[in-house]
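J.: Sharing a structure, written as structure tokens. Questions coming.
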Amino acid sequence: MSSATISTTLDRAVNRPAGTDVVIRAVGVNYAYGTGQTRTQVLFDNHLEVGRGEVVVMTGPSGSGKSTLLTLIGALRSMQEGHLSVLREDLSKAQEWERVEVRKRIGFIFQQHNLFTSLSALENVRMATALKPASVKDMNARCEAMLERLGLGDRVRNRPSELSGGQKQRVAIARALVNGPALILADEPTASLDAESSGIVLDLFRELADGPDKTTVLLVTHDQRVLDKADRIVHMIGGRIVTNSLTRVAVRIVRALAATDSLAGLSEATLSRLATHMTAETRGAGDEIVREGEEGDRFYTVGSGVADAFQDGRFVEEKCFGESFGMISSYFKVPIPETVKARTEMELYVLAKDDFLRALADDQSFEARIRGLLAGAAQGDHAPASP
Amino acid sequence: MLGMRNPPLAWRNVAHGGRRSIAAISGVAFSLVMVLLQLGFLQAVRITAANNFEVLDFDVLLTSTRFEQFYAPGFMPMERLRQALETATVESASPLYATFALWRCPPNPLDDPPGDSAPPPSALARWLAGPNSPRPLQRRQLFAMGFDLDRPPFLPPILDAIEANEAGLRVPGHVLLNALSHPDFGWWARDRFHDWEMEKTAVKVVGGFEMLRGFAADSTVLCAADDFVRILGYGSRETVNLGLLKVKPGTVDATVAALRERLPDDVLATSREETIAREVDHWVNQTSTGKLFAIGVAVAMAVAAVVVYQVLSNDVREHLPEYATLRAMGYSTWRLAGVLVLQATLYMLFSFAVAVAVAAAVYRATEALAGIPMAMTPANLALTFALALAVGLVSGALTVGRLRSGDLADLF
Chain W
1 MSSATISTTL DRAVNRPAGT DVVIRAVGVN YAYGTGQTRT QVLFDNHLEV GRGEVVVMTG
61 PSGSGKSTLL TLIGALRSMQ EGHLSVLRED LSKAQEWERV EVRKRIGFIF QQHNLFTSLS
121 ALENVRMATA LKPASVKDMN ARCEAMLERL GLGDRVRNRP SELSGGQKQR VAIARALVNG
181 PALILADEPT ASLDAESSGI VLDLFRELAD GPDKTTVLLV THDQRVLDKA DRIVHMIGGR
241 IVTNSLTRVA VRIVRALAAT DSLAGLSEAT LSRLATHMTA ETRGAGDEIV REGEEGDRFY
301 TVGSGVADAF QDGRFVEEKC FGESFGMISS YFKVPIPETV KARTEMELYV LAKDDFLRAL
361 ADDQSFEARI RGLLAGAAQG DHAPASP
Chain U
388 MLGMRNPPLA WRNVAHGGRR SIAAISGVAF SLVMVLLQLG FLQAVRITAA NNFEVLDFDV
448 LLTSTRFEQF YAPGFMPMER LRQALETATV ESASPLYATF ALWRCPPNPL DDPPGDSAPP
508 PSALARWLAG PNSPRPLQRR QLFAMGFDLD RPPFLPPILD AIEANEAGLR VPGHVLLNAL
568 SHPDFGWWAR DRFHDWEMEK TAVKVVGGFE MLRGFAADST VLCAADDFVR ILGYGSRETV
628 NLGLLKVKPG TVDATVAALR ERLPDDVLAT SREETIAREV DHWVNQTSTG KLFAIGVAVA
688 MAVAAVVVYQ VLSNDVREHL PEYATLRAMG YSTWRLAGVL VLQATLYMLF SFAVAVAVAA
748 AVYRATEALA GIPMAMTPAN LALTFALALA VGLVSGALTV GRLRSGDLAD LF
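Pasting the structure below:
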């Protein structure tokens with residue numbers, strides 16, 4: 001993938017990190033197992049940016065590469081190709097000792113609890129605090145508080161053999177969280193938990209992400225309950241990230257698209273797919289966004305703010321939330337039909353020409369709708385309304 | 388335990404290790420018992436080598452230049468003792484006659500012994516029967532020592548035994564038998580057996596004394612010098628085996644130097660300390676004894692290392708995901724190696740405690756059955772402890788490779 005495409009991909013509204021503080025940045029990450037004839041590539045040119053305090057859910061079928069990507073982000077294996085920085089440390093060429101230092105700032109939750117059977121719940125959690133030593137009293141208090149928070153206050157002295165599967169998993173979660181990691185990497189953390197325990201754990205993740213430390217959480221899961229807590233959903237297939245959506249931005253764009261007359265009636269799935277192709281832009285009051293009669297290569301949907309539309313120098317209408325304008329002249333064979341100027345500070349969701357063409361290719365409903373618009377325009381002999 | 392800064396993982400792995408810990412501790416303890424036994428045997432060699440001279444009352448020893456060790460002393464003329472007496476610092480000079488002699492051992496039982504043609508009992512039967520093992524009349528070699536009854540060159544308690552039986556020893560053919568002799572030599576039958584013979588000369592056991600048995604002789608007999616030269620065919624008292632000199636206090640080194648200057652080259656003068664050191668060196672270093680026991684120690688420690696390595700290795704293999712999780716969390720391999728080394732050391736410490744207790748019992752049994760003086764010296768304990776710790780360290784360190792075999796990436 002070219003660098004131009006990379007920047008375009010990372011610029012899409014739903015792909016961009018939630019804030020300016022990026023804790024995971026993966027660019028063009030490839031990975032292969034084996035060498036020579038046994039070489040099998042499992043990751044292909046993956047790009048991902050995750051901001052501090054995001055809860056990211058990774059989904060995908062078995063073998064899609066999500067675990068491999070997770071191990072790279074967790075500094076559990078060395079990089080082969082591409083760039084990867086985690087917690088502001090460049091892991092692309094990091095030595096083992098450098099990876100160890102990064103791992104100390106990460107809380108790992110694996111599918112298997114991996115607790116030492118000879119140690120009590122408290123002692124297993126204390127294995128983590130030993131990496132961030134404080135006074136014994138403080139370490140014990142931290143461990144007990146975390147176990148208490150996870151509903152194990154009365155089990156701190158029990159050994160794993162005296163705990164249920166769910167309780168053991170919660171001890172493992174306590175071990176991962178007790179040092180207040182900047183990043184949590186979890187593989188199916190709620191798989192062995194009942195609904196109540198899952199709720200406690202997910203609430204805790206959300207609380208940590210929203211709290212003063214703004215912990216970033218990256219979860220691999222198939223648990224639908226987790227999706228409600230996620231800021232971003234990353235879907236992988238065949239070693240590639242095929243969907244990377246910042247959910248609240250995606251929701252905002254979908255709402256805006258749903259309010260667009262020309263897209264009325266399209267399914268949420270179609271609108272969601274369309275949203276993944278859009279970038280976000282802001283404009284200040286007075287900015288001219290498009291000019292009548294010029295060749296255009298973008299469609300705009302208003303996310304917030306108000307703009308004024310003019311034709312032949314005369315005010316025609318105001319553009320507000322959910323309304324569209326702009327034109328892809330090379331596709332529709334018409335110039336931009338109206339000049340649009342921002343009246344206020346605006347957030348605009350933008351569909352550029354290439355992304356428009358991809359969206360057409362990706363979704364038959366959208367393509368049909370566009371064909372319908374083109375057909376209607378031909379019959380009416382005037383420019384089609386913006387999609 | 389949670390008063391510690393780090394959870395006591397090594398200790399808990401040992402304490403909750405169940406059969407694995409028992410296997411490790413018992414296996415290593417067995418090896419350490421073997422080490423302690425080898426060192427005990429070596430110590431017994433030292434003790435018995437030194438003891439032969441330690442029971443004698445002398446400051447300086449005159450020996451033939453052909454002297455090898457106590458049981459092969461060579462010969463020298465009595466004249467050398469007289470010459471030695473001319474040295475101002477020499478206060479007295481006593482000859483000691485010493486050589487091996489055939490001893491007629493009483494049968495067992497005395498009243499109904501097995502015939503000469505009867506098949507000998509098996510080694511196991513003899514072992515189990517101990518001193519009560521049936522045996523026919525037989526001749527065995529013991530070590531005989533003759534001395535001047537007017538100046539017995541022995542220290543108490545042997546000197547006390549000699550003085551208590553002095554009158555009897557003055558009668559020709561009367562001897563004292565070591566009460567700590569091997570049972571075959573018949574101390575147990577001293578009051579009922581009357582057909583004692585030494586080198587085909589009828590003798591009578593008139594009493595006993597206590598002297599440690601050694602690896603070279605299972606029994607010792609003391610007799611008057613005249614009897615000795617008569618029975619052992621020395622011809623006269625002018626040919627002696629050892630010359631035991633008493634010197635003025637604080638003049639040992641000067642006397643040794645003076646004697647080496649004055650006496651002919653066929654004799655050698657050595658101080659008491661030098662004599663004992665030379666004797667110990669002979670038995671420990673000049674013979675294969677020391678090497679045999681050293682090899683025994685090395686093999687036993689190798690077995691201990693293999694046992695600990697196997698147990699630790701299996702332990703790590705079974706807990707590989709747990710150790711891998713710790714490595715993923717940020718534990719360095721070397722930090723975890725410390726846990727393994729500590730665990731190995733704990734196995735060694737427990738094994739050492741068990742081994743010392745078991746070895747103490749085995750020492751007593753060996754003393755009772757073989758009559759060998761077994762002493763668990765602080766030096767041997769320290770050596771065994773040090774070896775155990777070293778093997779623990781090495782085994783723990785070797786297990787680090789196993790620790791590395793866990794792929795962190797497999798955790799997800």
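Line by line, the protein sequences give chains W and U.
Using this note's numbering, you'd call the opening residue of the first sequence number 1 and step up by one each time.
Using this note's numbering, you'd call the opening residue of the second sequence number 388 and step up by one each time.
Heads up, the beta-carbon is just placed ideally off N, CA and C, and yes, glycines get one too.
Bear in mind that the values here come from a model prediction, so they are computed numbers and not experimental data.
In whole angstroms, give me the CA-to-CA distance for U:N495 and U:I759.
T.: Translated into positions along the second sequence, residue 495 of chain U becomes position 108. Translated into positions along the second sequence, residue 759 of chain U becomes position 372. Spanning the two alpha carbons is a distance of roughly 23 Å.
J.: Secondary structure at U:G779, three-state DSSP: helix, strand or coil?
T.: Residue mapping note: residue 779 of chain U aligns to position 392 of the second sequence, counting from 1. Reduced to three states, the DSSP call for U:G779 is helix.
J.: Are any of the Cβ atoms in chain W nearer than 8 Å to that of U:E709?
T.: Within the second sequence, residue 709 of chain U is the residue found at index 322, counting from 1. Yes, because at least one Cβ of chain W sits closer than 8 Å to the Cβ of U:E709.
J.: By the three-class DSSP mapping on this structure, what secondary structure does U:R789 have?
T.: Numbered from 1 along the second sequence, position 402 holds the residue referred to as residue 789 of chain U. Correct three-state label for U:R789: helix.
J.: Just to confirm, are U:L736 and U:V787 a CB contact at a threshold of 8 Å?
T.: Locating residue 736 of chain U in the second sequence gives position 349, where the first residue counts as 1. Locating residue 787 of chain U in the second sequence gives position 400, where the first residue counts as 1. In this structure, U:V787 does not lie closer than 8 Å to U:L736 by Cβ.
J.: Under 8 Å, with one C-beta from each stretch per pair, do the region 321 to 328 of chain W and the region 296 to 303 of chain W reach the 3-pair mark?
T.: Touching, yes.
J.: If I follow the unbroken alpha helix (DSSP H) through U:Y696, where does it start and stop?
T.: Counting from 1 along the second sequence, the entry for residue 696 of chain U is found at position 309. It spans T676 to E705 - the alpha helix (DSSP H) in which U:Y696 sits, taken as one unbroken run.
J.: Quick check: what's the CA-CA separation for U:L483 versus U:L629?
T.: In the second sequence, the residue the question calls residue 483 of chain U occupies position 96. In the second sequence, the residue the question calls residue 629 of chain U occupies position 242. If I take the Cα positions, the gap works out to 5 Å.
J.: Does the beta carbon of W:R103 come closer than 8 Å to any beta carbon on chain U?
T.: Indexing the first sequence from 1 puts residue 103 of chain W at position 103. With 8 Å as the cut-off, W:R103 counts as an interface residue toward chain U.
J.: Using a beta-carbon distance below 8 Å, is W:L177 in contact with chain U?
T.: Along the first sequence, one-based indexing puts residue 177 of chain W at 177. Not one chain U Cβ lies under 8 Å of W:L177.
J.: Under 8 Å, with one C-beta from each stretch per pair, do the region 228 to 237 of chain W and the region 57 to 66 of chain W reach the 3-pair mark?
T.: Short answer: they touch.
J.: Taking the C-alpha atoms as reference points, what is the distance between U:A604 and U:Q673?
T.: Indexing the second sequence from 1 puts residue 604 of chain U at position 217. Indexing the second sequence from 1 puts residue 673 of chain U at position 286. Looking at the two C-alpha atoms, the distance is approximately 18 Å.
J.: Give, in chain order, every unbroken run of the alpha helix (DSSP H) that is at least 4 residues long and sits entirely within the region 140 to 195 of chain W.
T.: Runs of the alpha helix (DSSP H) inside the region 140 to 195 of chain W: 165 to 177.
J.: Specify the secondary structure class of U:N565 as computed by DSSP and reduced to three states.
T.: The residue you call residue 565 of chain U lines up with position 178 of the second sequence. If DSSP states are grouped into helix, strand and coil, U:N565 belongs with the strands.
J.: Around the C-beta of U:L515, are 16 or more other C-beta atoms found within 10 angstroms, so that it is buried, or is it exposed?
T.: Along the second sequence, read from residue 1 onward, the residue named residue 515 of chain U stands at position 128. Per the 10 Å Cβ criterion, exposed.
J.: For W:V56, would you say it is in contact with chain U, using Cβ-to-Cβ distances shorter than 8 Å as the test?
T.: Against the first sequence, residue 56 of chain W aligns to sequence position 56. Judged by the 8 Å Cβ criterion, W:V56 is not in contact with chain U.
J.: Tell me, which residues are paired with W:S304 by DSSP?
T.: Counted from its first residue, the first sequence places residue 304 of chain W at position 304. W:E347.
J.: Answer yes or no: does any C-beta atom of chain U fall closer than 8 Å to that of W:S118?
T.: For the purposes of this step, residue 118 of chain W is taken as residue 118 along the first sequence, with counting starting at 1. Yes, its Cβ sits closer than 8 Å to a Cβ of chain U.
J.: Among residues of its own chain, excluding the 5 on either side of U:R513, which ones have a beta-carbon nearer than 6 Å to its beta-carbon?
T.: Numbered from 1 along the second sequence, position 126 holds the residue referred to as residue 513 of chain U. Result list for U:R513: S520, in chain order.
J.: Please state the DSSP three-state secondary structure of U:P482.
T.: Mapped onto the second sequence, residue 482 of chain U falls at position 95. If DSSP states are grouped into helix, strand and coil, U:P482 belongs with the strands.
J.: Rounded to the nearest angstrom, what separates W:V254 and W:S198 at their Cα positions?
T.: Within the first sequence, residue 254 of chain W is the residue found at index 254, counting from 1. Within the first sequence, residue 198 of chain W is the residue found at index 198, counting from 1. Whole-angstrom Cα-Cα distance: 29 Å.
J.: Just the chain W side, please: which residues come within less than 8 Å of U:R791 by C-beta, in chain order?
T.: Counting from 1 along the second sequence, the entry for residue 791 of chain U is found at position 404. Within chain W, no residue comes near U:R791; the closest Cβ sits about 11 Å away, beyond 8 Å.
J.: Do you know whose CA, among U:R665, U:R791 and U:H706, lies nearest U:W721's CA?
T.: Numbered from 1 along the second sequence, position 334 holds the residue referred to as residue 721 of chain U. Out of U:R665, U:R791 and U:H706, U:R791 has the C-alpha closest to the C-alpha of U:W721.
J.: Enumerated in chain order, which unbroken segments of the beta strand (DSSP E) with a length of 3 residues or greater are wholly contained in the region 253 to 290 of chain W?
T.: Correct list: 279 to 283 and 288 to 290.
J.: Take the Cβ of U:H547 as the centre, count every other Cβ of all protein chains shown within 10 Å, and call the residue buried at 16 or more, exposed below.
T.: The sequence position of residue 547 of chain U within the second sequence is 160, counting from 1. Sequence inspection shows Asp at residue 547 of chain U; the His mentioned does not correspond to that position. By the 10 Å Cβ count, U:D547 comes out exposed.
J.: Can you find a CB in chain W that lies within less than 8 Å of the CB of U:R407?
T.: One-based indexing of the second sequence puts residue 407 of chain U at position 20. Cβ-Cβ to chain W under 8 Å: no for U:R407.
J.: Which partner residues does U:P464 have in the DSSP bridge list?
T.: As a first step, residue 464 of chain U is located in the second sequence; it is residue number 77 there, counting from the start. Answer is U:T626, bridged to U:P464.
J.: In angstroms with no decimal places, state the Cα-to-Cα distance between W:I73 and U:L707.
T.: Taking the first residue of the first sequence as 1, we reach residue 73 of chain W at position 73. Taking the first residue of the second sequence as 1, we reach residue 707 of chain U at position 320. Distance between the alpha carbons of W:I73 and U:L707: 22 Å.
J.: Return the residues of the region 186 to 203 of chain W that lie within a Cβ-Cβ distance of less than 9 Å from chain U, sorted by chain order.
T.: Result list: D187.
J.: Under 9 Å, CB to CB, which of the residues in the region 764 to 780 of chain U have a partner in chain W?
T.: Correct list: empty, as no residue qualifies.
J.: U:T764 and U:Q425 - do their beta-carbons sit closer together than 8 Å?
T.: For this step, residue 425 of chain U is matched to residue 38 along the second sequence. For this step, residue 764 of chain U is matched to residue 377 along the second sequence. Not a contact, by the Cβ cut-off of 8 Å.
J.: In chain W, which residues lie with their C-beta within 7 Å of the C-beta of U:G717?
T.: By one-based count along the second sequence, residue 717 of chain U stands at place 330. Correct list: V100, R103, K104 and L131.
J.: Express the C-alpha separation of W:V251 and W:L202 in angstroms, rounding to a whole number.
T.: Taking the first sequence and counting its residues from 1, one reaches residue 202 of chain W at position 202. Taking the first sequence and counting its residues from 1, one reaches residue 251 of chain W at position 251. Cα to Cα, the separation comes out at about 21 Å.
J.: Measuring alpha carbon to alpha carbon, tell me which of U:C610, U:V593, U:L489 and U:D503 ends up nearest U:G533.
T.: Indexing the second sequence from 1 puts residue 533 of chain U at position 146. The option with the nearest alpha carbon to U:G533 is U:C610.
J.: So that I know if they touch, is there some Cβ in chain W lying closer than 8 Å to that of U:N400?
T.: Numbered from its first residue, the second sequence carries residue 400 of chain U at position 13. Yes - at least one Cβ of chain W is within 8 Å of the one on U:N400.
J.: Touch check for the region 81 to 100 of chain W and the region 691 to 699 of chain U: three-plus C-beta pairs under 8 Å?
T.: The answer is no - the region 691 to 699 of chain U does not touch the region 81 to 100 of chain W, with fewer than three Cβ pairs under 8 Å.
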